[in-house]
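Okay, so here's the structure we're looking at.
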Ligand code: OAD
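In this note's numbering, the protein residues as written are 86 to 327.
Printed below as a string of structure tokens:
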């Protein structure tokens, strides 16, 4: 296991860091992960409940379980892990956060350069008239409808959907240009996000994994701690070095 000091030294030396984050960083904000024990996909088959084909044929399935994994955009606050990544951006050493999360917590924490690979809860749109609603409050358990009568779908990626092409392109570019990737709270199995740490390594960057259960087999350094405790420690060390 690497020390916080070692990681901070690397960050300060390289300066061109990106972070790739997943559900684990938001666990301390009260949002369940997907593949941990008792995680969402142990209870529900994502193909039945969270695929675009299932949504189009019967949106009530998705909306039925939605409250089990996430509620409304305004109901969550960033935790110490998100705030630490915002501090690293402010200190000039973290260039981008690439996230698989849809909770918007990196932006709420203050990061400006955020690439949301799987979209965001901030917006929802009508499948019929395409009207977009911002930070909508939707009830649990039943599909919400647009004023025109069409069913509403969050601007988030469901299984079987393409990722937003510009976000994906930018994620590839920033990853290929980084010198260090912080891989935080992700099982790193869902493509195409899962290919990014490998791309970082092929491009000559080191990968530092922060995850209590090491998930990425090719990490150069591992901090086997929760993001909300590990990332602030790294920031404290970086502040001492700068
Ligand atoms: P997963 O649930 O697959 O993985 C969460 C990871 O976070 C695991 O490796 C945990 O060990 C780790 N973890 C748990 N608590 C943590 C903590 N406090 N600090 C740090 N790490 C912690 O979530 P993702 O990898 O984000 O996609 O899943 C990727 C995608 O699969 C999601 O974006 C979602 C899902 O299906 C879509 O819905 C399209």
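Ideal Cβ positions, reconstructed from N, Cα and C, are used throughout, including at glycine.
Item, Value
"Can the beta-carbon of residue 209 be found less than 9 Å from the beta-carbon of residue 223?", "yes"
"Counting pairs of Cβ atoms below 8 Å between the segment 284–300 and the segment 251–266, do you hit three or more?", "yes"
"Does the Cβ of residue 118 lie closer than 8 Å to at least one heavy atom of the ligand OAD?", "yes"
"Rounded to a whole number of angstroms, what is the C-alpha to C-alpha distance between residue 220 and residue 205?", "10 Å"
"Under 8 Å by Cβ, that's how I've got residue 158 and residue 207 pegged, so tell me the actual separation to the nearest angstrom.", "5 Å"
"How about residue 244: is its Cβ closer than 8 Å to a heavy atom in the ligand OAD?", "yes"
"Does the beta-carbon of residue 88 have 16 or more other beta-carbons within 10 angstroms, so that it is buried, or is it exposed?", "exposed"
"To the nearest angstrom, how far is the alpha carbon of residue 349 from that of residue 193?", "For residue 349 there is no data in the structure shown, the boundaries of the chain being 86 and 327."
"For residue 259 and residue 143, what's the separation of their Cα atoms in angstroms?", "38 Å"
"Which residue from 160, 116, 178 puts its Cα closest to that of residue 322?", "178"
"For the beta strand (DSSP E) containing residue 205, list its first residue and its last residue.", "204–211"
"Starting from residue 260, trace the alpha helix (DSSP H) in both directions and tell me its first and last residue.", "250–262"
"Using 8 Å as the cut-off, can you tell me whether the segment 133–143 makes contact with the segment 234–244, which would need three or more C-beta pairs spanning the two stretches below that distance?", "yes"
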